[in-house]
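Participant: Those protein sequence lines, which keep their order, are chains S and Y.
Sequential numbering from 160 applies to the first sequence in this note's numbering.
Sequential numbering from 713 applies to the second sequence in this note's numbering.
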Amino acid sequence: MKKLIVSVLFIVIGLFAVDRLGGMLMWWVNQHTHDVSGPKIKYLVNDVNEDILLMGTSRCDLHYVPSVISDTLGLTVYNGGINASENIYSHYIILNHILAIHKPKVICLEVMDNDVMMQSDPFCATAFFAPYFGRNERADSVFLLAGSYWKYRISHLYRYNAKAVSNIAGLVISRHEGGENGYIPFPKPVHYPDSMVYRKTQHLVDSLKLEYVQRFINLCKENGVGLIFMVSPMYTEIDANHYDVLKSIAKRNDIPFLDYHSDGLYHDHPEYFLDNDHLWDKGAKKYSSVFAHDLKKLINKK
Amino acid sequence: MLFNSIPFLLFFPTVCVLYFLIPAIHVRTRNMLLLIASYYFYMNWEPAYALLLLTSTILTYVSAFGIGHFEDNRIKKTCLICSIILNLAILFLFKYYNFLSSNVMMAMHSCGIGMELPKFALLLPVGISFYTFQALGYSIDVYRGVTKVERDFFTYALFVSFFPQLVAGPIERSNNLLPQFKQQHRFCYESFMTGVRLMVWGYFMKLVLADRCSLYVDAIFNNVDKQNGGSYLVASLLFPFQIYGDFAGYSLIAIGVAQVLGFSLMENFRRPYFACSIGEFWNRWHISLSTWFKDYVYIPLGGNRVGRLHNYFNLLVTFVVSGIWHGANWTFLCWGTLHGLLLCIEKALGISKKQYSGAKKFCHWLVTFILVCLAWILFRANSISDAVTIITGIFTNLEPPKPEYANFIAIALAMAILLTKECSEEFRRKIRIAESVSWVLRHLYLIMMIAYIILFGVLGGDQFIYFQF
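#1: Taking the beta carbon of ASP436(S) as the centre, do at least 16 other beta carbons fall within 10 Å, making it buried, or is it exposed?
#2: DSSP state of LEU330(S), grouped into three classes?
#3: Helix, strand or coil: how does DSSP classify CYS283(S) here?
#4: Run through the DSSP bridge pairs and tell me what ASP418(S) is partnered with.
#5: Reducing DSSP to helix, strand and coil, say where LEU964(Y) ends up.
#6: Check the DSSP bridge columns for LEU212(S) and list the partner residues they point to.
#7: Can you check which of these residues, VAL1029(Y), CYS988(Y) and PHE899(Y), is closest to LYS1072(Y) by C-alpha distance?
#8: Rounded to the nearest angstrom, what separates ALA762(Y) and PHE292(S) at their Cα positions?
#9: Based on the DSSP output, what are the partners of GLU396(S) in its beta bridges?
#10: Ignore the nearest five residues each way along the sequence and tell me which others in GLY907(Y)'s own chain have a CB closer than 6 angstroms to its CB.
#11: Check whether the Cβ of LYS199(S) lies closer than 8 angstroms to any Cβ atom in chain Y.
#12: In whole angstroms, give me the CA-to-CA distance for LEU798(Y) and PHE845(Y).
#13: Chain Y beta carbons: is any one of them nearer than 8 angstroms to that of LEU316(S)?
#14: Between the beta-carbon of LEU1054(Y) and the beta-carbon of ILE990(Y), is there less than 8 angstroms?
#15: Thinking C-alpha only, which one of ILE932(Y), GLU758(Y) and ILE999(Y) is nearest LYS1114(Y)?
#16: Do MET978(Y) and PRO876(Y) have their C-beta atoms closer together than 8 angstroms?
#17: Rounded to the nearest angstrom, what separates SER354(S) and GLY1052(Y) at their Cα positions?
#18: For GLY385(S), which beta-bridge partners are listed by DSSP?
#19: If the cut is a Cβ gap below 8 angstroms, which residues of chain S does TYR1117(Y) touch?
#20: Per the contact definition of three or more C-beta pairs closer than 8 angstroms, is the region 1113–1133 of chain Y in contact with the region 1016–1031 of chain Y?
#21: Select from the region 894–906 of chain Y all residues with a C-beta closer than 7 angstroms to any C-beta belonging to chain B, and list them in chain order.
#22: Return the CA-CA distance between SER1095(Y) and GLY173(S), expressed in angstroms with no decimal places.
#23: Using a cut-off of 8 angstroms between C-beta atoms, extract the partners of LEU174(S) located in chain Y.
#24: Which residues of chain Y have a Cβ atom closer than 8 angstroms to the Cβ of ASP178(S), listed in chain order?
#25: Taking Cβ positions only, does ILE1121(Y) come closer than 8 angstroms to chain S?
#26: Among ILE332(S), LEU232(S) and ASN295(S), whose alpha-carbon lies nearest the alpha-carbon of ALA1118(Y)?
#27: Between ILE164(S) and chain Y, is any beta-carbon pair separated by less than 8 angstroms?
#28: Determine whether the beta carbon atoms of LEU212(S) and ILE164(S) lie at a separation below 8 angstroms.
#29: May I ask you to report which of helix, strand or coil DSSP gives ILE1147(Y)?
#30: Whole angstroms are fine: how far does the CA of ASP220(S) sit from the CA of ARG318(S)?
#31: Can you name the residues of chain S whose CB is closer than 8 angstroms to the CB of HIS1155(Y)?
#32: Based on DSSP bridge pairs, tell me the residues matched to TYR944(Y).
#33: Quick one: using the 10 Å Cβ neighbour count with 16 as the cut-off for buried, is GLN895(Y) buried or exposed?
#34: Note down the Cα distance separating VAL858(Y) from GLU1137(Y), rounded to an integer number of angstroms.
#35: Name the chain S residues that come within less than 8 angstroms of LEU1171(Y), Cβ to Cβ?
#36: Tell me the residue span of the alpha helix (DSSP H) that contains GLU992(Y).
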């Protein structure tokens, strides 16, 4: 039994040391990687200083060309859309980090069903932000909900689990070629979407997500940041009431809601899309100029 | 309770501490503790299904008791047949009834007969195929006189429900495991640490290799219509490693857990992808199941002590049954049948008996590996039509695959580690770190492997593939 105690102690102490050293090494990797989302999150957490900040998932990441919007508005713009960030929990985490260092004039949040509807694993994408665990109490509160708070407290190495390989690969392969202010143009796809699919309206609303949408709104209000919700074009058919839940939240909080999807923008242009949900660079540039004019009107109105 | 879950990482050390706190001479008390722990472990999935486990235990216990009690061979045989029929009936109801009824209805409808059979909304109880086969094996062994009747019900119940191997094997033989429940297992440091090392390697195979592969494989196999041949090919080459990492990983964790407690379970995998024939593959893959089918299906059918054609028939039947054992789907049936046919061809050509070396051995290995991979497509595909789409796609639409560089790098790293270990074992080269004579090196191995799993493992608590069987 004495041997076992020595072994256990050796393993526990050794593991602790490796975990802390590994955590430090992975932090360095995370701060120097050139993969897709790592540098963007780093910029948002540490350096963001633009007037207009666009937030959302891959649909934001791929659809908004900052230079086009900036030229129209005469304001600085950053595309903070994070691929696969999934829903409002991720947006809430990143918003807390941003507001700790900078108050943008306007935040434009690209909303989607996932922001309010039930999902089987709603917290899956929160792990992307784990490297910044311990820096912002309100952001960390989401990890408590996700059940990962104590895991991140115990293990520093585990904080890098979600993106370890892509972070390391990003040290040697840069995936930022041709990027500007958070936007990386997606090249012309081999095939455009061949048919418009029908997206059924979901009705199972997640009350916790609703609460976090409200928290997101309140946080912007408290910090004097203007907020706009928008839904960019999709090559899908939907019912007229598809975004009713999100629209009612926007209405209740006096937030402008720009719905290009329900309006059927580009439904006659499948060549702008890389798949049913995303535009490629050509579509993004066209759409950004439409969006920029609408945004300008809204800002001038305010 | 999954082995790769936080509750298990709390449950197992607790059981371990309590087990070793009870003095080794109190075998019965220790067994009671393990029995309670095993039922608790099982009831974490669906408490009601513990009743099925208990039913299967009682049925086989009573029948074995009858076999041991009565002198008359006809009564012994009746007891055995009753045990087999009742156990298989439960298995049939929960696993195969809906599949059979829907196929019968479909066949009737196609003949213009409008027939409706009732359907049951039953969840498949985890591990039912495993514990049913283990319990049936015991009944048959008692009938054959290979094993003595276990009169202590609680010891027998522990044999059926022993938590390390309850839900996905290895399917233990009564003459190996039952006697171990009578022995005094004093704490042994070496055995304990060997068990821990096996567990850690099992977790590596599951979390770093299998679950990483599954991210790609599932995306392709579950969306067959939207992929090209290149993606099919990559997914088809990754799935063999996913299922190996998943199942061999589970088995190793199970063997390791048992070893920590002082029990020795049978080996379930022996580097199967080094096999140079399909026959050899089945001597290395899921050994506990293939030997079960050999002992309780193939040999009773006559085995190879019959005419050539009869022998082929026996092989085919055994593998068709093995396919069905894996699940109620035509894909499993075709997978089993294909393996049976390949074995028959090997037998006819006399391949399995020959020993090869050099280039010939390499060619045999390559052909075997390709055939096994091809068969795995049938196993993994959601339907036969999906499997056909995938196989034809590989040969007709070979475009660059869907790129997932980060995943590919992680998989390549894990495969390199696996290959290094397996090559050193297969070719008896001396790269022994886990079992090094140096105490420090052995412990550093454990530390580095755990850190590697924490950093690169897919730690979402995914199910093990074989739980569905």
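Just so it is clear, CB atoms sit at the ideal spot from N, CA and C, and this is done for glycine as well.
Because the structure is a prediction, the values reported are computed rather than measured.
Facilitator: Reading off the structure:
#1: Position 277 of the first sequence, counted from the start, is the residue given in the question as residue 436(S). So ASP436(S) counts as buried.
#2: In the first sequence, counting from the first residue as 1, residue 330(S) sits at position 171. Residue state, collapsed to three classes: helix.
#3: Taking the first sequence and counting its residues from 1, one reaches residue 283(S) at position 124. CYS283(S): helix per DSSP, three-state reduction.
#4: Counted from its first residue, the first sequence places residue 418(S) at position 259. Answer by DSSP bridge pairing, in chain order: VAL390(S).
#5: Position 252 of the second sequence, counted from the start, is the residue given in the question as residue 964(Y). Residue state for LEU964(Y) is assigned as helix, using DSSP reduced to three classes.
#6: Sequence index remark: in the first sequence, residue 212(S) carries index 53 (1-based). Answer is TYR237(S) and ILE266(S).
#7: Residue mapping note: residue 1072(Y) aligns to position 360 of the second sequence, counting from 1. LYS1072(Y) has its Cα closest to that of CYS988(Y), out of VAL1029(Y), CYS988(Y) and PHE899(Y).
#8: For the purposes of this step, residue 762(Y) is taken as the residue at position 50 of the second sequence. For the purposes of this step, residue 292(S) is taken as the residue at position 133 of the first sequence. The straight-line gap from Cα to Cα measures roughly 41 angstroms.
#9: As a first step, residue 396(S) is located in the first sequence; it is residue number 237 there, counting from the start. DSSP, once it has assigned bridges, lists TYR357(S) as partnering GLU396(S).
#10: To locate residue 907(Y), count along the second sequence from 1; it is residue 195. Contacts found: GLY968, GLN971 and VAL972.
#11: Within the first sequence, residue 199(S) is the residue found at index 40, counting from 1. By this cut-off, LYS199(S) is not an interface position.
#12: Position 86 of the second sequence, counted from the start, is the residue given in the question as residue 798(Y). Position 133 of the second sequence, counted from the start, is the residue given in the question as residue 845(Y). Each residue's alpha carbon lies about 12 angstroms from the other.
#13: In the first sequence, the residue the question calls residue 316(S) occupies position 157. Yes, because at least one Cβ of chain Y sits closer than 8 angstroms to the Cβ of LEU316(S).
#14: What you label residue 1054(Y) is simply residue 342 of the second sequence in a count that begins at 1. What you label residue 990(Y) is simply residue 278 of the second sequence in a count that begins at 1. Yes.
#15: Walking along the second sequence from the start, residue 1114(Y) turns up at place 402. For the residues ILE932(Y), GLU758(Y) and ILE999(Y), the minimum Cα distance to LYS1114(Y) belongs to ILE932(Y).
#16: Working through the second sequence from its first residue, we reach residue 978(Y) at position 266. Working through the second sequence from its first residue, we reach residue 876(Y) at position 164. No, Cβ-Cβ distance for MET978(Y) and PRO876(Y) is not below 8 angstroms.
#17: One-based indexing of the first sequence puts residue 354(S) at position 195. One-based indexing of the second sequence puts residue 1052(Y) at position 340. One Cα belongs to SER354(S), the other to GLY1052(Y), and the distance between them is close to 43 angstroms.
#18: Reading the first sequence from its first residue, position 226 is the one you call residue 385(S). DSSP, once it has assigned bridges, lists VAL265(S) as partnering GLY385(S).
#19: By one-based count along the second sequence, residue 1117(Y) stands at place 405. SER325, ALA328 and ILE332, listed in chain order.
#20: Output reads no: the region 1113–1133 of chain Y does not touch the region 1016–1031 of chain Y.
#21: The structure shown contains no chain B; the protein chains it does contain are S and Y.
#22: Here residue 1095(Y) is taken as the residue at index 383 of the second sequence, counted from 1. Here residue 173(S) is taken as the residue at index 14 of the first sequence, counted from 1. SER1095(Y) and GLY173(S): Cα-Cα distance of roughly 48 angstroms.
#23: By 1-based counting over the first sequence, the position of residue 174(S) is 15. Going along chain Y in sequence order, the residues near LEU174(S) (Cβ under 8 angstroms) are ILE1159, ILE1162 and ALA1163.
#24: On the first sequence, residue 178(S) is found 19 positions in, with the first residue counted as 1. Within chain Y, the C-beta atoms nearer than 8 angstroms to that of ASP178(S) come from ALA1163 and ILE1166, in chain order.
#25: Translated into positions along the second sequence, residue 1121(Y) becomes position 409. True, the Cβ-Cβ gap to chain S drops below 8 angstroms.
#26: Against the second sequence, residue 1118(Y) aligns to sequence position 406. Of the listed residues, the one whose Cα sits closest to ALA1118(Y) is ILE332(S).
#27: Against the first sequence, residue 164(S) aligns to sequence position 5. With 8 angstroms as the cut-off, ILE164(S) does not count as an interface residue toward chain Y.
#28: Along the first sequence, read from residue 1 onward, the residue named residue 212(S) stands at position 53. Along the first sequence, read from residue 1 onward, the residue named residue 164(S) stands at position 5. Not closer than 8 angstroms, so no.
#29: Residue 1147(Y) sits at position 435 when you count from the first residue of the second sequence. Note that residue 1147(Y) corresponds to Glu in the displayed sequence, not to Ile. In this structure, DSSP gives GLU1147(Y) a state outside helix and strand, which the three-state scheme calls coil.
#30: For the purposes of this step, residue 318(S) is identified with residue 159 of the first sequence, where counting begins at 1. For the purposes of this step, residue 220(S) is identified with residue 61 of the first sequence, where counting begins at 1. About 24 angstroms.
#31: Counting from one through the second sequence, the residue named residue 1155(Y) turns up at place 443. SER166, PHE169, ILE170 and GLY173, listed in chain order.
#32: The count along the second sequence starts at 1 and reaches residue 944(Y) at position 232. Checking the DSSP bridge columns, you'll see TYR944(Y) has no partner listed.
#33: Position 183 of the second sequence, counted from the start, is the residue given in the question as residue 895(Y). GLN895(Y) is classed as exposed because its beta carbon has fewer than 16 other beta carbons within 10 Å across all chains shown.
#34: Working through the second sequence from its first residue, we reach residue 858(Y) at position 146. Working through the second sequence from its first residue, we reach residue 1137(Y) at position 425. Going by the C-alpha atoms only, they are around 33 angstroms apart.
#35: Locating residue 1171(Y) in the second sequence gives position 459, counting from the first residue. Under the 8 angstroms cutoff, chain S gives TYR317 and ASN320.
#36: In the second sequence, the residue the question calls residue 992(Y) occupies position 280. From DSSP, the alpha helix (DSSP H) with GLU992(Y) extends over 990–996.
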